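Participant: In this note's numbering, the protein residues as written are 11 to 208.
I'd like to ask you about the structure that follows.
In structure tokens form, the structure reads like this:
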């Protein structure tokens with residue numbers, strides 16, 4: 011990548027897979043953060059704020075990453091129903107409740123992305139609208155028990171069974187729902203590297 015070293019500040023297997031699909035060479039470095047945000051922060055700003063904290067934490071841990079040859083990519087995804095952020099389910103009952111609320115309704119998936127290169131920062135949020143078919147209690151319980159979606163915001167992954175069976179339609183970037191709007195990430199990476207073409 012034009013002599014640049016790219017670091018993904020995420021343990022998400024889905025984000026790792028998406029960058030691999032985009033054929034971007036990278037390594038993974040992760041530093042745990044609280045993933046908290048000010049209570050009065052507007053919802054669309056929340057995932058960007060959390061992503062920025064992840065990127066900064068990795069850069070602070072590894073002094074060499076301040077060099078302009080390194081680019082850190084961090085991301086955070088939230089699921090929003092109405093104006094309420096739905097996080098990762100605490101347990102089985104919480105997962106059942108979350109999916110029951112999403113059933114038959116439209117929600118938004120917002121992924122915030124922050125790219126750091128030396129003193130430069132590119133930050134943005136990408137939003138995808140998702141509509142679920144009405145789901146039966148049996149369908150929801152089957153999904154939760156088989157797929158154990160406890161590490162996923164909104165208690166589901168679009169690329170799993172529930173996405174195939176339960177999602178009526180989406181408007182926006184499909185891969186954003188998986189956890190990374192990868193085409194826009196590639197565009198912004200090219201800008202940071204001074205490479206306007208793909």
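Where a beta carbon is used, it is the ideal one built from N, C-alpha and C, also for glycine.
Just so we're clear, the structure is a prediction, and the values are computed from it rather than from any experiment.
1) Quick one: using the 10 Å Cβ neighbour count with 16 as the cut-off for buried, is residue 158 buried or exposed?
2) Would you report the Cα separation of residue 166 and residue 173, rounded to the nearest angstrom?
3) With a threshold of 8 Å, are at least 3 pairs of Cβ atoms found where one atom belongs to the stretch 140-157 and the other to the stretch 170-188?
4) Between which two residues does the alpha helix (DSSP H) carrying residue 176 extend?
5) Ordered along the chain, which non-local residues of its own chain (more than five positions away) have a Cβ less than 8 Å from that of residue 41?
6) Pick from 79, 52, 87 and 16: whose alpha carbon is nearest that of residue 191?
7) Using the DSSP secondary-structure output, state which residues sit across from residue 127 in a beta bridge.
8) If I follow the unbroken beta strand (DSSP E) through residue 89, where does it start and stop?
Facilitator: The structure says:
1) exposed
2) 8 Å
3) yes
4) 171-176
5) 19, 64, 67, 68, 70 and 71
6) 87
7) 130
8) 80-91
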